[in-house]
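This report refers to the structure that appears directly beneath it.
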Amino acid sequence: MPSPLRKHIPYILVAPSLAYLAFFISYPIFYTFSLALFGNPSPMVEVMTSPRLGEVALYTTLIIATVIPAQIVIAIFASLFFLNRFRGRELVLYLFIAPLAINEVAAALIWYTMLSSSGFLNKLLINTGVISAPIYFFGYEFIDRTLLAIFLTEVWRATPIVFIIIYAGMQMISRDYLEAADVFGLNLWQKLRYIILPLIKPYIQTALIIRTLFALQVVGPIFILAGEYVRVLATEVVYWYSMRLNPGVASAWALLIGLVTLLLGGLYIKLLRPSAGAT
Amino acid sequence: MVKIDLEGVSKRFGSVIAVDNVSLSVSSGELFVLLGPSGCGKTTILRIIAGLETPTSGRVYFDGVDVTDMPSGKRGVGMVFQSYAVWPHMKVYDNIALPLRIKKLPQSEIDARVRSAARMLNIENLLERYPFQLSGGEKQRVAVARAIAVEPRVLLMDEPLSNLDALLRVQARAEIKRLQRELKITTIYVTHDQVEAMALADRIAVMNKGRVMQVGTVDEVYNKPLNRFVAHFIGSSMNFVEGTITDRGVDIGFALIPYSSVPDELVGKKVSVGIRPEDIYLEPIQGGVVLKGRVVLIENLASEYIIHIDVSGTLLRAKTKLYPQGEEVRLYIHPSKVHVFDTITENRIHIA
Amino acid sequence: MRRVWVFIISMLIIAWITVPITYTILSSFADLVDYYENVLPRRYTLRYYEEYLRLGVGEALVRSVLVGILTIILSMIIGLPAGYAIGRYVFRGRDSLKLAILFFKVIPIAIMAVPLAVLFIRVGLYDTLIGIALIHTAISLPFVVLTASSVFGSVPRDLEEAGYVFGMSGLQVMLRITLPLAAPGIAATALFAFLISWNEIVAAIILSSFNRTLPAAVMTPYVMGTGGELPDPYKFAATTIMVTPALIFMLYIRRYLIAMWGAAGVR
Ligand SMILES: Nc1ncnc2c1ncn2[C@@H]1O[C@H](COP(=O)(O)OP(=O)(O)O)[C@@H](O)[C@H]1O
Ligand SMILES: [Mg+2]
Numbered sequence: 001m002p003s004p005l006r007k008h009i010p011y012i013l014v015a016p017s018l019a020y021l022a023f024f025i026s027y028p029i030f031y032t033f034s035l036a037l038f039g040n041p042s043p044m045v046e047v048m049t050s051p052r053l054g055e056v057a058l059y060t061t062l063i064i065a066t067v068i069p070a071q072i073v074i075a076i077f078a079s080l081f082f083l084n085r086f087r088g089r090e091l092v093l094y095l096f097i098a099p100l101a102i103n104e105v106a107a108a109l110i111w112y113t114m115l116s117s118s119g120f121l122n123k124l125l126i127n128t129g130v131i132s133a134p135i136y137f138f139g140y141e142f143i144d145r146t147l148l149a150i151f152l153t154e155v156w157r158a159t160p161i162v163f164i165i166i167y168a169g170m171q172m173i174s175r176d177y178l179e180a181a182d183v184f185g186l187n188l189w190q191k192l193r194y195i196i197l198p199l200i201k202p203y204i205q206t207a208l209i210i211r212t213l214f215a216l217q218v219v220g221p222i223f224i225l226a227g228e229y230v231r232v233l234a235t236e237v238v239y240w241y242s243m244r245l246n247p248g249v250a251s252a253w254a255l256l257i258g259l260v261t262l263l264l265g266g267l268y269i270k271l272l273r274p275s276a277g278a279t
Numbered sequence: 280m281v282k283i284d285l286e287g288v289s290k291r292f293g294s295v296i297a298v299d300n301v302s303l304s305v306s307s308g309e310l311f312v313l314l315g316p317s318g319c320g321k322t323t324i325l326r327i328i329a330g331l332e333t334p335t336s337g338r339v340y341f342d343g344v345d346v347t348d349m350p351s352g353k354r355g356v357g358m359v360f361q362s363y364a365v366w367p368h369m370k371v372y373d374n375i376a377l378p379l380r381i382k383k384l385p386q387s388e389i390d391a392r393v394r395s396a397a398r399m400l401n402i403e404n405l406l407e408r409y410p411f412q413l414s415g416g417e418k419q420r421v422a423v424a425r426a427i428a429v430e431p432r433v434l435l436m437d438e439p440l441s442n443l444d445a446l447l448r449v450q451a452r453a454e455i456k457r458l459q460r461e462l463k464i465t466t467i468y469v470t471h472d473q474v475e476a477m478a479l480a481d482r483i484a485v486m487n488k489g490r491v492m493q494v495g496t497v498d499e500v501y502n503k504p505l506n507r508f509v510a511h512f513i514g515s516s517m518n519f520v521e522g523t524i525t526d527r528g529v530d531i532g533f534a535l536i537p538y539s540s541v542p543d544e545l546v547g548k549k550v551s552v553g554i555r556p557e558d559i560y561l562e563p564i565q566g567g568v569v570l571k572g573r574v575v576l577i578e579n580l581a582s583e584y585i586i587h588i589d590v591s592g593t594l595l596r597a598k599t600k601l602y603p604q605g606e607e608v609r610l611y612i613h614p615s616k617v618h619v620f621d622t623i624t625e626n627r628i629h630i631a
Numbered sequence: 632m633r634r635v636w637v638f639i640i641s642m643l644i645i646a647w648i649t650v651p652i653t654y655t656i657l658s659s660f661a662d663l664v665d666y667y668e669n670v671l672p673r674r675y676t677l678r679y680y681e682e683y684l685r686l687g688v689g690e691a692l693v694r695s696v697l698v699g700i701l702t703i704i705l706s707m708i709i710g711l712p713a714g715y716a717i718g719r720y721v722f723r724g725r726d727s728l729k730l731a732i733l734f735f736k737v738i739p740i741a742i743m744a745v746p747l748a749v750l751f752i753r754v755g756l757y758d759t760l761i762g763i764a765l766i767h768t769a770i771s772l773p774f775v776v777l778t779a780s781s782v783f784g785s786v787p788r789d790l791e792e793a794g795y796v797f798g799m800s801g802l803q804v805m806l807r808i809t810l811p812l813a814a815p816g817i818a819a820t821a822l823f824a825f826l827i828s829w830n831e832i833v834a835a836i837i838l839s840s841f842n843r844t845l846p847a848a849v850m851t852p853y854v855m856g857t858g859g860e861l862p863d864p865y866k867f868a869a870t871t872i873m874v875t876p877a878l879i880f881m882l883y884i885r886r887y888l889i890a891m892w893g894a895a896g897v898r
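Protein chains in written order, with the numbering used here: chain E, 1 to 279; chain V, 280 to 631; chain G, 632 to 898.
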């Protein structure tokens, strides 16, 4: 069907999506810049010199640097586990990825139920006589434990995304490669080290990028579990816009998220360039 | 039924030339086979004839009418895809009926045609099944039934038997041949299997690297291969020996194949000489050239033997029903069964 | 031996996921005194749900559903054609387009939300369901396009070509062959768009003040409360309302998740 129109069909089909995204992304980006940079004093300058910046940087880094490696490791082992065929596998698999359907706020509240002073864990331990007074996870004096609660929530809630990407990669590995490894006597660790990990490297890379960039946007668990004691980039945006009614400063924080996103994204792609042949 | 002509058809995909300046003529009612190794452009030619692909250059004619730019659905072709392409979300009946419904045929006519096609292919009992309930052989029949139910002017088949097991393949092959004879639809059949090609074809086009190497009847391509590629591809794999043309025949080192009328301009030319294993005899034949050799290995194929023979340092294979007596044997070759090719151009040199 | 390990790990995973969820749901029905004293509540009540209805959470729920449906409609109308083009045609710029869409997927929502709030106030879309649906569409569109492209891309080409050969028009092939085969995947894509909207918080908070969707409403101070805080079980009632439909949708979507996330490799 060679008609001149036919050549343009894909472009015509793609145009609405592209236009929509371009408007909803490019307009805000442009506007964020002007909101964040201009003003007296410039909100960006305000943010960069604010005493909160150090604290925000610390907690943002701390959460990302602990949560994501844990998720990658768990996801790799879970993927290995789910390569096994066993009865009830479908159900266990569904449960494992189910938190993907649960939003940040709900996940945070679920872990609040588990860990609060009158939560499952404390009541269980007290009623069985293991402890006499509740272990407090929340509140200003217990920021370390609050961070642990945030860690648990994030691992529980967002590991499925990492898992799905890595599992997809592992399913791509031909059974023959692993059977060949068996023939040559590699044990599980050696198979992981020399065959599986090199083959799924691109998937790990994808998972890292997607997960890190989404982690930069998490607000629910932090607001709900830590209130205002723990501050990260994303909570600052919401805080300044919704509670302090200051779009300028909110935009400046948002812009910072954007910059960090770009920076980390670029860094991952550079550092984890798939080695030749490992595709 | 229509006559199909391709005129200088080429197709490029980026830098790949899939089809290179192919001209063909398929007569009305004929079963024409495109034969060649995988990747030589057979499917591409078929898709160009079907209208699924537009040639980069060249024209396609049905009965002299230029159809190059005609949409596929308007050409009146029936096609059997290599994967069968039986629509998985429809019952067998609907698979066969849908193309007829698209043509807005009356319901009674559709039903009659579906049933008659199903009867021809012996799948009447499968009409209410979904494709996932069918075996490979059954799907293949459904695909053929769908193609003939539209009463096509041209039937195109792309390796329709390659996904079947060996026994089924032989049966289905005979069935296709019978069906084509009955319906007399101009048919173009693609395969990489030379046995299949020879069993089916009225005429064969042997292809290599996007080009047509030779077009002819089975006997023509077998007995008079136009170049080394065709000689090698058709029949059991040929013995090749280097030689030189002299004024008395072809000198292959350990023997002289005599020819009476060698044109002067050919004398001294380097040639490749091809001899089929089945053309090497262990008992004397009329007018045969005699060679002496030593048996190296005997492969027993139950009904016949492949005998590997060392003839003054050159290894030849002979296919015979006789079991050789002793190590030393005499071989007989008839000069008319010897194929002579130019070493450089690889084209056949006609010599007698 | 291996079977024992598989069993143990399966049990750990089941406990890891189900204990927190079940306990939260259980607690949302627990009598207040009971909740603070016993691990497993003995008396149950519906009062948190009833009270919530009075606090306007019921309306937030309805708003969430409406915004979700609007998001499905918009993102399907805009995104499916693009998904079809990317899954089906080879055209110049296709790879860069995919990369660009991937990039849109990770744009921080906060960056989009603040300026849009300012704009929406000006044009009267602030605090409206359409306004929120518009940004939720922008957020889910990259997912819809990429998933749809993989769904359409997995419809074998020759099934469509068989349609053309037997005389169908492009539209007939689309309606009779491509869409029926792609339907389950498209349905999953729609549900996924709904889930994204149902779960989205940042934009929903920033783009509304009174007409909030459920998760945003749950986050408002008088529900979450830093001052006159409501007792815990209220929060669990809210959680139960948010989680239950999502888990049910997930049951259907799960087979397509690999296409949504896994196939989106950055390579
Ligand atoms: N759509 C396409 N895009 C790029 N190359 C193609 C396409 N179709 C076929 N080719 C190339 O053209 C050549 C001929 O292919 P094909 O006609 O399928 O061969 P055959 O059917 O004889 O095996 C091959 O090298 C193949 O890789
Ligand atoms: Mg082919």
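We treat Cβ as the ideally placed atom computed from N, Cα and C, and that holds for glycine.
Legend entry - Within chain V, partners of residue 790 (chain G) - CB distance below 7 Å: 364, 366
Inset, instruction - Put residue 290 (chain V) into one of helix, strand or coil per three-state DSSP. - result: strand
Inset, instruction - At 7 Å on the CB atoms, spell out the chain G contacts of residue 13 (chain E), in chain order. - result: 712, 713, 715, 716
Inset, instruction - Round the Cβ separation of residue 887 (chain G) and residue 816 (chain G) to the nearest angstrom and send it over; I've been treating them as touching at under 8 Å. - result: 6 Å
Legend entry - Within-9 Å CB hit, residue 799 (chain G) to chain V: yes
Inset, instruction - Please name the residue or residues paired with residue 490 (chain V) in a DSSP beta bridge. - result: V:487
Legend entry - Candidates V:349, V:306, V:361, V:513, of which the one nearest residue 323 (chain V) by Cα: V:361
Legend entry - Residues of its chain near residue 337 (chain V), where Cβ-Cβ distance is below 7 Å and the 5 sequence neighbours each way are ignored: 285, 286, 287, 288, 289
Inset, instruction - Mind checking who residue 585 (chain V) pairs with in its DSSP beta bridge? - result: V:578, V:598
Legend entry - Residue from V:384, V:573, V:584 whose Cα sits closest to the Cα of residue 598 (chain V): V:584
Inset, instruction - Please name the residue or residues paired with residue 626 (chain V) in a DSSP beta bridge. - result: V:506
Inset, instruction - Could you tell me whether the Cβ of residue 329 (chain V) comes closer than 9 Å to any Cβ of chain G? - result: yes
Inset, instruction - Report all residues from its chain with a CB closer than 8 Å to the CB of residue 298 (chain V); omit the five preceding and five following residues, and keep chain order. - result: 288, 289, 290, 320, 323, 324, 327, 334, 489
Legend entry - Straight-line gap, residue 341 (chain V) to residue 501 (chain V) (C-alpha atoms, nearest Å): 29 Å
Inset, instruction - Could you check how far apart the C-beta atoms of residue 588 (chain V) and residue 595 (chain V) are, in whole angstroms? I think they sit under 8 Å. - result: 5 Å
Legend entry - Contacting positions in the segment 809-837 of chain G - beta carbon closer than 7 Å to chain V: 811, 812
Inset, instruction - Verify the CB distance criterion: does residue 493 (chain V) have a CB-CB separation below 9 Å to chain G? - result: no
Legend entry - Per-residue DSSP class, three states only, for residue 548 (chain V): coil
Inset, instruction - Go ahead and label residue 632 (chain V) buried or exposed: buried means 16 or more other beta carbons lie within 10 angstroms of its beta carbon, across all protein chains shown. - result: Since the first residue shown for chain V is 280 and the last is 631, residue 632 (chain V) is missing from the structure and cannot be characterised.
Legend entry - Simplified DSSP assignment, three categories, for residue 311 (chain V): strand
Inset, instruction - Inspect the beta-carbon positions of residue 92 (chain E) and residue 741 (chain G) and report whether they are closer than 9 Å. - result: no
Legend entry - Reference residue 542 (chain V); option with closest CA among V:609, V:631, V:380, V:447: V:631
Inset, instruction - Taking only beta carbons into account, state which residues of the segment 342-356 of chain V come closer than 9 Å to chain G, listed in chain order. - result: 350, 351, 352, 353, 354, 355, 356
Inset, instruction - Assign residue 635 (chain G) to buried or exposed, taking buried as 16 or more other Cβ atoms, counted over all protein chains shown, within 10 Å of its Cβ. - result: exposed
Legend entry - Nearest-angstrom Cβ-Cβ length linking residue 665 (chain G) and residue 673 (chain G), presumed shorter than 8 Å: 6 Å
Inset, instruction - Report yes if the C-beta distance between residue 872 (chain G) and residue 686 (chain G) is below 9 Å; otherwise report no. - result: no
Legend entry - Selected residue, minimal CA-CA separation from residue 70 (chain E), among E:189, E:211, E:25: E:211
Legend entry - Distance between residue 519 (chain V) and residue 591 (chain V) (C-alpha atoms, nearest Å): 15 Å
Inset, instruction - Output the distance between the C-alpha atoms of residue 270 (chain E) and residue 825 (chain G), rounded to the nearest integer angstrom. - result: 35 Å
Legend entry - Contacts around residue 854 (chain G), its chain only, beta-carbon distance under 6 Å, and the 5 residues preceding and following it disregarded: For residue 854 (chain G), the predicted model reports a pLDDT of 48, less than 50, meaning its position is unreliable and no value from the coordinates is stated.
Legend entry - Whole-angstrom distance between residue 196 (chain E) and residue 167 (chain E), CA atom to CA atom: 11 Å
Inset, instruction - Pull up the distance between the alpha-carbon of residue 283 (chain V) and that of residue 531 (chain V), whole angstroms please. - result: 44 Å
Inset, instruction - Using only the heavy atoms of ligand 2, determine whether one of them is closer than 8 Å to the beta carbon of residue 789 (chain G). - result: no
Legend entry - One or two residues paired with residue 92 (chain E) in a DSSP bridge: Per DSSP, none; premise fails for residue 92 (chain E).
Legend entry - Under 8 Å by beta carbon: chain V residues contacting residue 807 (chain G): 377
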